[in-house]
Ligand code: ADP
Ligand code: BMX
Ligand code: ZN
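Residue numbers (the numbering used here): 78 to 366.
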């Protein structure tokens, strides 16, 4: 049975048809609206899925935010233009009239990447370095979501008590430093106002500040991986998101992880499903797989 899979990120919305062989067809993307009111997100989702929804019998959503009882609750509302709450399941049920499942984006991606490993490992983590830094943990073959949906929100663990204030209200979260928004927020002078994508391309052209910002992100991420290894004894850590998958980034994280004591070393892999891990993980969960 074909599933309409939707991925709601802080920067982009994606939707696609996922067939029974986990193949993706008719993938579409739109920018995520930055608006405090739910109406803009509802309208964007409606436009995104309109050409796809007639062809499916169910909907699966991977979304940024804490997904609790079908609602999106922003842990870091800055990533969604200040939006605090969005009735995710209800909105999609109203738009499509179809059975719908919703799960956090990084939790969904962790599940897809766990599947891609084909039973090789029982304990793994997925970390997305994107608008924010998200995480999903599979422990003893089970995806941890938590009773309140918060499990795996690794981006909100402490990186630097003297670091920048995070949109979640804590000081010095990993996300405030390592994420695409964190990289952009620290840019000064000639790079002030640039987004992370631009900063990566400037680093490729030899810009020293750009390179420093990327190293700071990768070093922070490597320390997070070491913390996660200590917490979960995972056998691998899979990295995704547009920053995480950017050329050269994973090699930098490996470089900084190698500087940690050996007990915290763990195999690092780029997401097998690249930018589609969230879509595919949500589809798998909706199918009960
Ligand atoms: P989302 O958070 O919506 O899932 P992405 O995974 O694309 O979306 O992450 C968005 C962040 O990634 C933004 O900060 C953007 O500037 C940055 N980004 C997008 N493309 C690239 C790229 N090719 N290289 C580095 N960073 C990128
Ligand atoms: C934030 C948080 C997580 C999410 C992560 C990655 C919000 C709105 N989101 O830490 O739930 O998994 O960002 O999200 O509080 P992305 O948009 O970068 O993919
Ligand atoms: Zn935070």
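For every residue, glycine included, the Cβ atom is placed at its ideal position computed from N, Cα and C.
Keep in mind the model is a prediction, meaning the values are calculated, not measured.
Residue 50 Cβ short of 7 Å to ligand 1 heavy atom set
Only positions 78 to 366 of the chain appear in this structure, which leaves residue 50 out of reach.
Assuming residue 95 contacts residue 80 under a Cβ cut-off of 8 Å, what Cβ separation, rounded to an integer in Å, is found between them?
5 Å
Should residue 233 be counted as a contact of ligand 3 given a C-beta to heavy atom distance under 7 Å?
The answer is yes for residue 233.
For residue 128, name the three-state secondary structure that DSSP assigns.
coil
By alpha-carbon positions, which one of 170, 233 and 321 ends up nearest to residue 147?
170
Under the three-state reduction of DSSP, which class applies to residue 78: helix, strand or coil?
coil
Kindly indicate which three-state DSSP category residue 170 falls into: helix, strand or coil?
helix
Pair within 8 Å by beta-carbon distance, residue 221 and residue 229:
yes
Whose C-beta lies closer than 6 Å to the C-beta of residue 215 among residues of the same chain, with five residues either side of it excluded?
187, 191 and 201
For residue 84, the three-state DSSP class (helix, strand or coil):
strand
Could you check whether the Cβ of residue 240 sits closer than 8 Å to any Cβ belonging to chain C?
The structure shown has no chain C; it contains just one protein chain.
Give the secondary structure of residue 190 by DSSP, where H, G and I count as helix, E and B as strand, and everything else as coil.
helix
Do residue 90 and residue 121 have their C-beta atoms within less than 8 Å of each other?
yes
I need the DSSP call for residue 234, collapsed to helix, strand or coil.
coil
Tell me the DSSP secondary structure of residue 259 in three-state form.
helix
Buried or exposed by the 16-neighbour rule on C-beta atoms within 10 Å, applied to residue 218:
exposed
Could you tell me whether the region 129-139 touches the region 171-186, using the rule of 3 or more Cβ pairs below 8 Å?
yes
Buried or exposed for residue 317, please, with buried defined as at least 16 other CB atoms from any protein chain shown within 10 angstroms of its CB.
buried
Any contact of the region 301-313 with the region 283-293, i.e. 3+ C-beta pairs under 8 Å?
Because the criterion of three Cβ pairs below 8 Å is not met, the region 301-313 and the region 283-293 do not touch.
Bridge partner(s) assigned by DSSP for residue 98
In the DSSP output, where bridge partners are listed per residue, residue 98 has none listed.
With the cut-off set at 8 Å, would you say residue 232 and residue 251 are in Cβ contact?
yes
Could you tell me the boundaries of the alpha helix (DSSP H) in which residue 211 lies?
It is not in any alpha helix (DSSP H) - residue 211 instead sits in the beta strand (DSSP E) that spans 210-216.
Taking the alpha-carbon positions, what's the residue 104 to residue 338 distance?
Cα to Cα, residue 104 sits roughly 42 Å from residue 338.
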